[in-house]
Amino acid sequence: DGGITQSPKYLFRKEGQNVTLSCEQNLNHDAMYWYRQDPGQGLRLIYYSQIVNDFQKGDIAEGYSVSREKKESFPLTVTSAQKNPTAFYLCASSIDQKGLLTYGYTFGSGTRLTVV
Amino acid sequence: ELKVEQNPLFLSMQEGKNYTIYCNYSTTSDRLYWYRQDPGKSLESLFVLLSNGAVKQEGRLMASLDTKARLSTLHITAAVHDLSATYFCAVDTNRDDKIIFGKGTRLHILP
């Protein structure tokens, strides 16, 4: 079955550490997205990528970095510059702009990151 | 900048009752999406509304879109406990391959 796989499901980070969240899709979707969700809040866009080797900052990109070397993969690195990284992180994808209009996003199952 | 507002943000209701969740947005858009999220889980697509006057129904949920009023509604008929979840609306920006989400409506249905 096609879908989006996020790993790990739970991740613990020590102060000053960088950590990388994995997002892989086998849907042959062009566009991929990273969102952050805090308790009682909506989803805030961190980064998105419409094609391989290209990505754009979202609304809260500071302290995060991404890469898009393959169509299937869009890893997110939470750097030590992100002062409050504890949150639920969701990866999503869409076919392309035309597909987004018709189908919206497909979401992964999420990674819960906690600073210890 | 597109802003999406949902209300109410929290709703507690009895089983068997009807209620409506509202989603207002600030700039022109023809496309709106509704998602459901169970606690600790990912988002599941419920409805995609692609034109003014669009209405879609699935079971006890019905969504509609009025692009002139910049308003979508999610109506719940004869609520059951299984519909307890957080419901998000999201609106296409008309510019990029991205959509903007509201803060979500946390729905709690009492048995």
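In order, the protein sequences belong to chains B and H.
Just so we're aligned, residue 43 is where the first sequence starts under the working numbering, counting upward by one.
Just so we're aligned, residue -18 is where the second sequence starts under the working numbering, counting upward by one.
Built from N, CA and C at the ideal position, the CB exists for glycine as well.
query: Cβ separation of B:T119 and B:I46, assumed to be a contact under 8 angstroms, to the nearest whole Å; result: About 18 angstroms separates the two Cβ atoms, so there is no contact after all.
query: Residue range of the unbroken beta strand (DSSP E) whose run includes H:F82; result: 80 to 82
query: As assigned by DSSP and simplified to three states, the class of B:H71; result: coil
query: Under 7 angstroms (Cβ pairs) to chain H, residues found in the stretch 76 to 95 of chain B; result: Q83, G84, L85, L87, Y90, Q92
query: Bridge-paired residues (DSSP) for H:Y6; result: H:V(-15)
query: Close beta carbons around H:L91, own chain, < 6 angstroms, minus the five adjacent residues each side; result: Q(-5)
query: N-terminal and C-terminal residue of the beta strand (DSSP E) that H:D73 is part of; result: 66 to 73
query: Exposure label - H:Q18; buried when at least 16 CB within 10 Å; result: buried
query: Cross-chain neighbours of H:Y14 in chain B, by beta carbon under 7 angstroms; result: G146
query: Residue range of the unbroken beta strand (DSSP E) whose run includes B:F116; result: Element bounds for B:F116: n/a, residue is neither H nor E.
query: Sequence-distant residues of its chain with Cβ nearer than 6 angstroms to H:N(-1) (five each side left out); result: T58
query: Simplified DSSP assignment, three categories, for H:T1; result: strand
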